[in-house]
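Position one of the sequence shown corresponds to residue 0 (numbering that gives the first Met the number 0), numbered consecutively onward.
Where is the CB? At the ideal position from N, CA and C, for every residue including glycine.
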Amino acid sequence: MATQQSSRSRTVLYLAAAVVAAAITAAVVMQVVRAYQNQLEQATAGPEMVRSVVAVRDLYMGIPITQEDIAVRELLPEMVPAEQAFQSIDEVVGRTPRERILANEIIRTERLARRDAGIGLNALVTPGKRAMTVEVDTESGVAGFLQPNNFVDVIVTIRPDDDNIEVAWVTETILQGIKVLAVDSSLSSNEEAEDNRKNRRRMRPSTTLEVTLEEAEKLALASSKGDLHLVLRSDVDITQVEDHGPMVINNIIGLAPTDDKGKAQPVRRLPKKSDEGPKTTVEVIQGSDVKSEQFDASGNKIESKGRGRR
């Protein structure tokens, strides 16, 4: 009898141990399954997306942004510029683009004018600078290829004010790396602006440049006294380049003197009339009239110096 009870006790213990082992095994399997499920969900879910405001159509300079122009989209974090993108439409509506923004492009702070800058051309001018319009002919305006946001150098061909300069015309680069704000009355390079330029082809074209106050004064004087030429530059090459002084006709045909390094020497001044040597005065009497004529050392007449009656 005691042997049977002992045998039953061992059986119960074995069953209990089996049940406990099965429960532990089941728990371990469940944990492994859940871990794999979490990894699978993370793999299929992808990275966390970032809300960003993008343009739904092309946006042009100087034209305020409306609610229909933009939308909020979920983008990958690596596609969004750090601290430059907007997350709310209200932050963008009413702002003015400083340059063209293409459809589906992220709206960045650097592409928009200040909210208090207004609309139109004044919103595009960098603080501390001025917008100045100059007239140029088709050839001087790079044959109509100039577009807003291009960079140009400004060259002037002008008559010297000083009569002692030995040449009649000089050409000089007066401004370098100047940003083009507008061409004619267009702030953008879209097809509509191109049609407007064609309709105004009989008028003399104009270009609006962004300059400092000193550059504006220099440009105003040059445009009123000489002929302006705009030279198109690459957008990635707007550094200041050292020139070799005013250019004259003799520089072009190789008659201008050069220094030891092959650089053209600067334009020389003619000697002042007081340094031209001795002068001879001759009185010419014609009836009752008396005239005084002056001649230089070579016998060339200089001027008439007065008239009197005898």
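Asked: Using three-state DSSP, classify Glu-98 as helix, strand or coil.; Found: coil
Asked: Is the beta carbon of Val-235 within less than 7 Å of some heavy atom of the ligand GDP?; Found: With respect to the ligand GDP, the structure shown offers nothing to examine, as it has no ligands at all.
Asked: How would you label Thr-125, buried or exposed, when you count the other beta carbons within 10 angstroms and need 16 or more for buried?; Found: exposed
Asked: Measuring straight from C-alpha to C-alpha, what distance separates Arg-114 and Val-210?; Found: 22 Å
Asked: Below 8 Å, can you find three or more Cβ-Cβ pairs linking the stretch 222–233 to the stretch 149–159?; Found: yes
Asked: Ala-17 to Leu-39, Cα distance in whole Å?; Found: 33 Å
Asked: Could you tell me the boundaries of the alpha helix (DSSP H) in which Glu-82 lies?; Found: No alpha helix (DSSP H) contains Glu-82, which DSSP labels as neither H nor E.
Asked: Could you have a look at Arg-72 and say whether DSSP puts it in helix, strand or coil?; Found: strand
Asked: Which partner residues of Val-49 appear in the DSSP bridge assignment?; Found: Leu-74
Asked: For the alpha helix (DSSP H) containing Ala-221, list its first residue and its last residue.; Found: 212–224
Asked: Check whether the stretch 81–94 and the stretch 59–71 are in contact - that is, three or more C-beta pairs closer than 8 Å.; Found: yes
Asked: Could you check what DSSP says for Gln-146 in three-state terms: helix, strand or coil?; Found: coil
Asked: Distance check for Ala-112 and Leu-218, CA to CA, integer angstroms please.; Found: 26 Å
Asked: Which residues mark the beginning and the end of the beta strand (DSSP E) in which Gln-175 is found?; Found: 169–182
Asked: Closer than 8 Å by C-beta to Pro-80: which residues in its own chain qualify, once you throw out the five before and the five after it? Chain order, please.; Found: Ile-105, Arg-107
Asked: From what residue to what residue does the beta strand (DSSP E) around Glu-292 run?; Found: 288–294
Asked: Please identify the residue among Asp-89, Val-28, Ile-177 whose C-alpha is closest to the C-alpha of Thr-65.; Found: Asp-89
Asked: Since Asp-370 contacts Pro-204 with CB under 8 Å, what's their CB separation in whole angstroms?; Found: For the chain, the structure presents residues 0 to 309; residue 370 sits outside this window and is missing.
Asked: Work out the CA separation of Val-49 and Leu-75 for me, nearest whole Å.; Found: 6 Å
Asked: Could you check if Val-32 is buried or exposed, using at least 16 other CB atoms within 10 Å of its CB as the buried criterion?; Found: exposed
Asked: Under a three-way DSSP split, which group does Ile-88 fall into?; Found: helix
Asked: Spatial neighbours of Ala-167 within its chain, please: CB distance less than 7 Å, with the 5 preceding and 5 following residues excluded, ordered by chain position.; Found: Arg-158
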